[in-house]
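Written below as structure tokens is the structure these notes are about.
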Amino acid sequence: MIPDHIASFLLSETVVIPLIIGVVRFYKINTSYHPFILLLLMAFTSEVISFICISYLHANNAITVNLYALIECLILLFLFRSWGFLQRKQKLFYFLMAAFIIIWITENLVFFKIETYSPFFKGAYSFVIVLLSINEINYMIVQDSKQLFKNAKFLICLGFIIYFIYQIIYEASYYVLGKDNVVSVATKIISMFGYMNAFVNLLYGVAAFLIPVKKNDLYFNRHFE
Numbered sequence: 275m276i277p278d279h280i281a282s283f284l285l286s287e288t289v290v291i292p293l294i295i296g297v298v299r300f301y302k303i304n305t306s307y308h309p310f311i312l313l314l315l316m317a318f319t320s321e322v323i324s325f326i327c328i329s330y331l332h333a334n335n336a337i338t339v340n341l342y343a344l345i346e347c348l349i350l351l352f353l354f355r356s357w358g359f360l361q362r363k364q365k366l367f368y369f370l371m372a373a374f375i376i377i378w379i380t381e382n383l384v385f386f387k388i389e390t391y392s393p394f395f396k397g398a399y400s401f402v403i404v405l406l407s408i409n410e411i412n413y414m415i416v417q418d419s420k421q422l423f424k425n426a427k428f429l430i431c432l433g434f435i436i437y438f439i440y441q442i443i444y445e446a447s448y449y450v451l452g453k454d455n456v457v458s459v460a461t462k463i464i465s466m467f468g469y470m471n472a473f474v475n476l477l478y479g480v481a482a483f484l485i486p487v488k489k490n491d492l493y494f495n496r497h498f499e
């Protein structure tokens, strides 16, 4: 039987599927999706480094996870900016960038917890990404509800919603539940995470294949002017 940490790693590395598709199509696709491809590359790199830390160095991977969380957050904000909403809301974009950097620094450096996991930061930016994703989907539903599952942006946002809601539940479980229940509940959540992550990565794979080429998607969303 494959050890749990190896099985989890293999499931998480399904991110290589959308990454390969994205890299192959990188110079053909609309540049507004380039941050998404970068996000996939960072996710792949983070998972590999975490696996090496745990399996070979027998060390805590919290530093890798915390650094990746900050990088992921910033890339996602740039992604939504490139799609149009945060491009039209410049003040909101810069506010979110500054706020999340301050939260990350406070939690990880001011309180010197970079060697432990950062639940407040991850919970906060996960909530914002879910809201931004729902915002994008609402607009797409109004514009063309019949073609949603052929829309790369819709599939990506759907993946974000699934992934980051799960992440919020995971982080919140440590504070909502009593200490006696935390370990058992968290274990169940972690055991399901790999399968959820693999599903979302496959969703990203379809999305990466459907990303429009440059000449087909040259406009920003204008629904938030």
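By my numbering, the letter at position 88 of the sequence shown is numbered 362, and the numbering carries on one by one without gaps.
Positions of the beta carbon are idealized from the N, C-alpha and C atoms, including for glycine.
What you are looking at is a predicted structure, and each value in this text was computed from that prediction instead of being measured.
Residue from the options whose Cα sits closest to the Cα of residue i
i	options	result
T338	A398, F467, G397 and M316	M316
Y413	F359, S306 and S329	F359
E346	S329, F318 and N335	F318
F280	Y307, Q421, K302 and C327	A small correction: the amino acid at residue 280 is Ile; Phe does not occupy that position in the sequence shown. Measuring from the Cα of I280, the nearest candidate turns out to be C327.
F395	I375, L351, L476 and K488	I375
I411	L422, R299 and V402	L422
Q441	A426, P486, I463 and I311	I463
V404	A446, L350 and A336	L350
F386	E445, V297, A336 and L476	A336
L348	L370, H332 and N334	L370
L366	V297, V402 and Y301	V402
L383	Q364, K363 and L344	L344
Residue i (DSSP reduced to helix, strand or coil)
i	result
I303	strand
Cβ-based burial, residue i [other Cβ within 10 Å; buried from 16]
i	result
S286	buried
A373	exposed
F438	buried
N495	Low confidence applies to N495: its pLDDT is 48, below 50, so where it sits in the model is not reliable enough to give any reading.
E321	buried
S324	buried
L492	Legend: pLDDT at L492 = 45, less than 50; position of this residue unreliable, value from coordinates given subsequently. L492 should be labelled exposed.
Y330	exposed
V474	buried
K427	buried
Y478	buried
Y368	exposed
Y444	buried
L313	buried
S400	buried
A446	exposed
I415	exposed
Rounded Cβ spacing between residue i and residue j (contact assumed at less than 8 Å)
i	j	result
P309	L353	4 Å
S306	W357	6 Å
S282	G397	No, S282 and G397 are not in contact; Cβ-Cβ is about 21 Å, not under 8 Å.
Y391	N471	Incorrect: roughly 17 Å between the Cβ atoms, too far for contact.
S407	I435	5 Å
I303	V487	6 Å
V297	I311	7 Å
Is it a yes or a no for the region 283-298 touching the region 469-483, going by three-plus beta-carbon pairs under 8 Å?
At 8 Å Cβ cutoff, the stretches touch.
At a cut of 8 Å, does the region 367-379 reach the region 427-440 through at least three beta carbon pairs?
no
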